[in-house]
Amino acid sequence: MDDLLLSKIRLGVIAELLTAQWVPFSDLLRATQTTNGNLGAHLAKLVEAGYVQEEKTFVNRRPQTRYALTQNGRNAFVQHVREMQALLEHSAAS
Amino acid sequence: MDAREAREHLDMVDRILSHAEAEPVRFVPGLIIAWGLAAAAIDAGQQLYFSHAGGKHGLWLAEGALVAAIVYSVAVTLSIIRNCRYERVSHTEVRMGRVMGAVWFTVLVAAFAQPHVFAGWGGAAVWSMGAAIMMLMSGFSGDRRGLAGGLILLASVLAANYIVPQSPGYALAAGFILGYAVPGFLFLAHEPHGEA
Chain R
1 MDDLLLSKIR LGVIAELLTA QWVPFSDLLR ATQTTNGNLG AHLAKLVEAG YVQEEKTFVN
61 RRPQTRYALT QNGRNAFVQH VREMQALLEH SAAS
Chain U
1 MDAREAREHL DMVDRILSHA EAEPVRFVPG LIIAWGLAAA AIDAGQQLYF SHAGGKHGLW
61 LAEGALVAAI VYSVAVTLSI IRNCRYERVS HTEVRMGRVM GAVWFTVLVA AFAQPHVFAG
121 WGGAAVWSMG AAIMMLMSGF SGDRRGLAGG LILLASVLAA NYIVPQSPGY ALAAGFILGY
181 AVPGFLFLAH EPHGEA
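Just so you know, the sequences run in chain order R and U.
Mapping to the working numbering: the first sequence position 15 is 15, numbers consecutive.
Mapping to the working numbering: the second sequence position 6 is 6, numbers consecutive.
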């Protein structure tokens, strides 16, 4: 399994990004129901791994950040979900 | 990771994806209202002119409404382009935007195929058909306002041909008001942030 996606918050972020072209930080914060700092740290790891693309801009002189899923991130998510499903099937069979 | 944890994670992913699939098609109500009223004014204005009822006032009404709608649309579109950088843009919205772009581009090209291919009121009816397709896309996604709007627009085209063939412009205008502008007001009333 993908170590990076073992975190529920990071997996939730990837799933959120899967449904949209771009998602602002504030929407991810609402979806994950975590703190600014915690989400920021998780997102930094995803960006560093190349799973997520980050874009910063200024709106009314206030910084705004939005995120998009990369192809690498999409592939990693699909593979991770497959492996979790396999784990469940294996567990049910045994 | 154990099976229980995997189940929890998969359930969460399923919830997020299901929620996204259930997203309704979002229109920009201001544009719907503006074009509903403008198209109605254009149809009614042309009917006035062709009926020799209001002299050239009918044409001025049509041209004024068209210019006002274009100016408003450009302003709103620029605002959307600026704002969408800071808002969530779902894949559903992107796909729907492309389909709508294709519909209106086709209608625009058809508008230039007058007077020989779309003769008489055919050119005006093409706009009603484009608007009906747009409303029905929303309607077939489960929005009753869109469904009603699309059906009213289609009915207005049939009414223009069969019920009031002597003044089809008024039927098409009524279709745009009831089937496009009114649903636009209803979309506006249910906007989460009341944005136009």
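Even for Gly, the Cβ is constructed at its ideal location relative to N, Cα and C.
Span of the alpha helix (DSSP H), counted from its first residue to its last, around residue i
i	result
U:Ala132	Gly122 to Phe140
R:Val85	Note that residue 85 of chain R corresponds to Gln in the displayed sequence, not to Val. Segment Gln71 to Ala93, the alpha helix (DSSP H) holding R:Gln85.
R:Glu48	Asn36 to Glu48
U:Ala181	Neither: U:Ala181 is in no alpha helix (DSSP H) and is coded neither H nor E.
U:Val117	Where U:Val117 is concerned, there is no enclosing alpha helix (DSSP H), given that its DSSP letter is neither H nor E.
U:Ser156	Arg144 to Tyr162
Cutoff 8 angstroms: residue i Cβ touching any chain R Cβ
i	result
U:Arg7	yes
U:Glu191	no
U:Glu195	In this prediction, U:Glu195 scores a pLDDT of 39, lower than 50, which makes its location untrustworthy; the coordinate-derived value is nonetheless stated afterwards. No, U:Glu195 does not count as interfacial toward chain R.
U:Met96	no
U:Arg145	no
U:Met12	yes
Residue i - partner residues in DSSP beta bridges
i	result
R:Gln64	R:Thr57
R:Trp22	U:Val89
R:Val162	The first residue shown for chain R is 1 and the last is 94, placing residue 162 of chain R beyond what the model contains.
Neighbour flag for residue i against chain U, beta carbons, 8 angstroms
i	result
R:Ala44	no
R:Lys95	Because chain R here runs from 1 to 94, residue 95 of chain R falls outside it and cannot be looked at.
R:Gln71	no
R:Thr79	The sequence given here has Gln at residue 79 of chain R, not Thr. Closer than 8 angstroms: no.
Integer Cβ distance of residue i from residue j, believed to fall under 8 angstroms
i	j	result
U:Ile177	U:Ala40	5 angstroms
U:Ile33	U:Ala124	At roughly 19 angstroms, the Cβ-Cβ gap does not stay under 8 angstroms, so U:Ile33 and U:Ala124 are not in contact.
U:Pro183	U:Met135	7 angstroms
**Message:** Under 8 angstroms: do the stretch 4-18 of chain R and the stretch 67-81 of chain R share three or more Cβ pairs, one atom per stretch?
**Reply:** yes
**Message:** Quick check: the stretch 7-14 of chain U against the stretch 76-86 of chain R, are at least 3 beta-carbon pairs closer than 8 angstroms?
**Reply:** yes
**Request:** Report yes or no: do three or more beta-carbon pairs, one from the stretch 84-92 of chain R and one from the stretch 35-55 of chain U, lie closer than 8 angstroms?
**Result:** They do not touch, by the three-pair rule.
**Request:** Take every Cβ of the stretch 76-83 of chain U, pair it with every Cβ of the stretch 152-167 of chain U, and state whether three or more of those distances are shorter than 8 angstroms.
**Result:** no
**Prompt:** With a cut-off of 8 angstroms, do at least 3 Cβ pairs link the stretch 53-71 of chain U to the stretch 137-145 of chain U?
**Reply:** no
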